[in-house]
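Visitor: In our numbering, the protein residues as written are 15 to 281.
Handing you a structure now.
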Ligand SMILES: [Zn+2]
């Protein structure tokens, strides 16, 4: 029996309840009829027009994205920018768009940050900031994660290993502190708001992204801030979503997008 898009929504709601999203967020079913039968899924970070095209080519009528392509209210739909283009393409071709964003950031089990921590090899992870206001949560819920490396290593070795494990060609970091690294804080995407808490929790390194020049000074000799890039920090969320959906449903195929939607290029 075919599964409806509503059933996929309900499953993702169990993994990362949509009420766990931040107030500014717009996670949920952004485009599409929840009662239509799912013919296939493409998972991605950004549901751009190219990803919608990919879904059409593969016969998939649902795109599950980490970032909601629509954040603010839209007043016109004439294809003037990439958001409108993607939405128009999706509606015309009966492709639904579902975003699972800060709710997936805020759950630890099967969340964005657990996936990063696993790749780096962190053990005994806990949220950097536990969200007490979220009641009746089954697993730990909160922002970022902090964990321990199995053995402490020097900072340069850690940074080289990080580049390899997160598949990045370049990273930015603040001054090294000539100490061993054993405790590491992680936050996929924008993480600067967690810096003070990461320091307080005793992390020697904070791996995140989207740091601005002046914000790097906030390391203040207390921690090494490492900016690995926003797309790069969250890229394995694409696989996470594909794996979760594939394991649960057998009436359609779920594919990771083959399109690199990173708007940032390096030379
Ligand atoms: Zn992000």
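By construction, the Cβ of each residue, glycine as well, lies at the ideal position given by its N, Cα and C atoms.
Give me whichever residues DSSP pairs with residue 270 in a beta bridge.
Guide: 57
Visitor: Report the partner residues of residue 110 according to the DSSP bridge assignment.
Guide: Partner(s): 76.
Visitor: Is the number of C-beta pairs between the segment 100-108 and the segment 123-140 that are closer than 8 Å three or more?
Guide: no
Visitor: Can you say whether residue 278 is buried or exposed, counting buried as having 16 or more other CB atoms within 10 angstroms of its CB?
Guide: exposed
Visitor: Kindly indicate which residue of 45, 170, 33 has the alpha-carbon position closest to the one of residue 119.
Guide: 33
Visitor: In the DSSP assignment, the beta strand (DSSP E) including residue 242 goes from what residue to what residue?
Guide: From DSSP, residue 242 is part of no beta strand (DSSP E); its letter is neither H nor E.
Visitor: For residue 183, does the count of other Cβ atoms within 10 angstroms reach 16, so buried, or fall short, so exposed?
Guide: exposed
Visitor: Pull up the distance between the alpha-carbon of residue 216 and that of residue 44, whole angstroms please.
Guide: 39 Å
Visitor: Among 181, 212, 171, which one has its Cα closest to the Cα of residue 160?
Guide: The shortest Cα separation from residue 160 among 181, 212, 171 belongs to 212.
Visitor: Just to confirm, does residue 246 get its C-beta within under 7 Å of one of the non-hydrogen atoms of ligand 1?
Guide: no
Visitor: Would you check whether ligand 2 has a heavy atom nearer than 7 Å to the C-beta of residue 203?
Guide: Judged by which ligands are present, ligand 2 is missing from the structure shown, whose ligands are ligand 1.
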